[in-house]
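Engineer: Numbering (the UniProt record's numbering), first residue to last: 1 to 251.
Below is one structure. I have some questions about it.
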Ligand code: SF4
Ligand code: SF4
Ligand code: FES
């Protein structure tokens, strides 16, 4: 027998600050292979056309549908109702600007993070359109590709205690981005230059290492390995510069 699901959904429209935030309740009969994408669309079509939420791809690719599902950040399009209890509570992802109800603006956060980590290959080589493609070792290219699979859903940021209290924290996703450029032989940045970006409390030293980020990443990115690598590398760079200063002072 099919279940009757109860949805408790956060409602607030920042454009209408006179109406305080509230939780709205909707009931829906569960259908075969129902996802939260299907459920939310049915609620909007059949019960409340003003409900705001985001979806683009419905296939776990665009990252638009991140929300907090019964207390845990995840992708709504990839979440089947059969894996959830009868009562489902949906909240918008924290740490991002609320657009309305379940819809948040992750784009501004990600753009600022990419600017902070200077998310492009830094090279002094002039671009020569006639030059042959530079070969990269297959294994290394795959390692880099593995870290490129992020879909910018924001779940790791929403699950991170540091990101929730420090809006300037780069988050596991920003630190993962830096790890990707450290791996890339075309990026000519030195350890010291990387240290200037991530060797502080906005970066790797703000991370408490509890790994909420990796637990919720829907793409299974190896965030833990990258955080560990950066922590070791940045601690080593700090130590080297301390030893350098100490030697200098005793000359
Ligand atoms: S391990 Fe670091 S980045 Fe990941 S959730 Fe914890 S504090 Fe945030
Ligand atoms: S690292 Fe994972 S959880 Fe974080 S934004 Fe990328 S895909 Fe989403
Ligand atoms: S709608 Fe694109 S990831 Fe869910």
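All C-beta atoms, glycine included, are put in the ideal place defined by N, C-alpha and C.
Computed from a predicted model, the values in this text were never measured in an experiment.
#1: Measuring CA to CA, which of 122, 124, 203 and 125 is closest to residue 160?
#2: Taking just the CA atoms, how far does residue 117 sit from residue 174?
#3: Would you identify the three-state DSSP class for residue 53, choosing helix, strand or coil?
#4: What residue range is occupied by the uninterrupted alpha helix (DSSP H) comprising residue 147?
#5: Please report how far the alpha carbon of residue 177 lies from the alpha carbon of residue 147, in whole angstroms.
#6: Using the beta-carbon count (16 or more within 10 Å), is residue 208 buried or exposed?
#7: At 3 residues or longer, and completely inside the region 24 to 77: list those beta strand (DSSP E) runs for me, N to C.
#8: Where does residue 180 sit, in a helix, a strand or coil, going by DSSP?
#9: Looking at residue 214: is its Cβ nearer than 7 Å to the Cβ of residue 224?
#10: Here's the rule I'm using: 16 or more other beta-carbon atoms within 10 Å means buried, otherwise exposed. How should residue 252 be labelled?
#11: Output the distance between the C-alpha atoms of residue 169 and residue 2, rounded to the nearest integer angstrom.
#12: What first and last residue would you give for the alpha helix (DSSP H) that runs through residue 305?
#13: Residues bridged to residue 91 by DSSP?
#14: Going along the chain, which residues of its own chain have a beta-carbon closer than 8 Å to the beta-carbon of residue 199, five neighbours each way excluded?
#15: Of the residues 111, 57, 72 and 112, which one's Cα is nearest the Cα of residue 37?
#16: For the alpha helix (DSSP H) containing residue 111, list its first residue and its last residue.
#17: From this set, 109, 141 and 220, which residue's C-alpha is nearest residue 167's C-alpha?
#18: Output the distance between the C-alpha atoms of residue 219 and residue 127, rounded to the nearest integer angstrom.
#19: Please go through the same chain and pick out, in chain order, the residues whose beta-carbon is closer than 7 Å to the beta-carbon of residue 54, but skip the five residues on each side of it.
#20: Would you identify the three-state DSSP class for residue 19, choosing helix, strand or coil?
#21: According to DSSP, simplified to helix, strand and coil, what is residue 10?
#22: When DSSP labels each residue in this structure, what does residue 97 get in the three-state scheme?
Structural biologist: The structure says:
#1: Check the Cα spacing between residue 160 and each of 122, 124, 203 and 125: the tightest is with 203.
#2: Using only the alpha carbons, I get a separation of about 7 Å.
#3: Collapsing the DSSP output to three states places residue 53 in coil.
#4: Residue 147 -> alpha helix (DSSP H) spans 138 to 147.
#5: Residue 177 and residue 147 have their C-alpha atoms roughly 7 Å apart.
#6: A residue is called buried when at least 16 other Cβ atoms come within 10 angstroms of its Cβ; residue 208 does not meet this threshold and is exposed.
#7: Complete beta strand (DSSP E) runs here, min 3: 66 to 69 and 72 to 75.
#8: Assigned with DSSP and collapsed to three states, residue 180 falls in helix.
#9: Taking 7 Å as the cut-off, the beta carbon of residue 214 is found closer than this to the beta carbon of residue 224.
#10: Because the chain in this structure spans residues 1 to 251, residue 252 falls outside the shown range and cannot be described.
#11: Cα to Cα, the separation comes out at about 44 Å.
#12: Absent from the structure is residue 305, since the part of the chain shown begins at 1 and ends at 251.
#13: Beta-bridge pairing by DSSP links residue 91 to 68.
#14: Beyond the five residues adjoining it in sequence on each side, residue 199 comes within less than 8 Å, by CB distance, of 205, 234, 237 and 238 in the same chain, given in chain order.
#15: Minimum Cα-Cα distance from residue 37 among the listed residues 111, 57, 72 and 112 corresponds to 57.
#16: First-last of the alpha helix (DSSP H) with residue 111: 106 to 116.
#17: Ranking the options by Cα distance to residue 167, first place goes to 109.
#18: Straight-line Cα distance between these residues: approximately 33 Å.
#19: Within the same chain, residue 54 has close Cβ partners 64, 65 and 103.
#20: In the three-state DSSP reduction, residue 19 falls in the coil class, being neither helix nor strand.
#21: If DSSP states are grouped into helix, strand and coil, residue 10 belongs with the strands.
#22: When DSSP states are grouped into helix, strand and coil, residue 97 belongs to the strand group.
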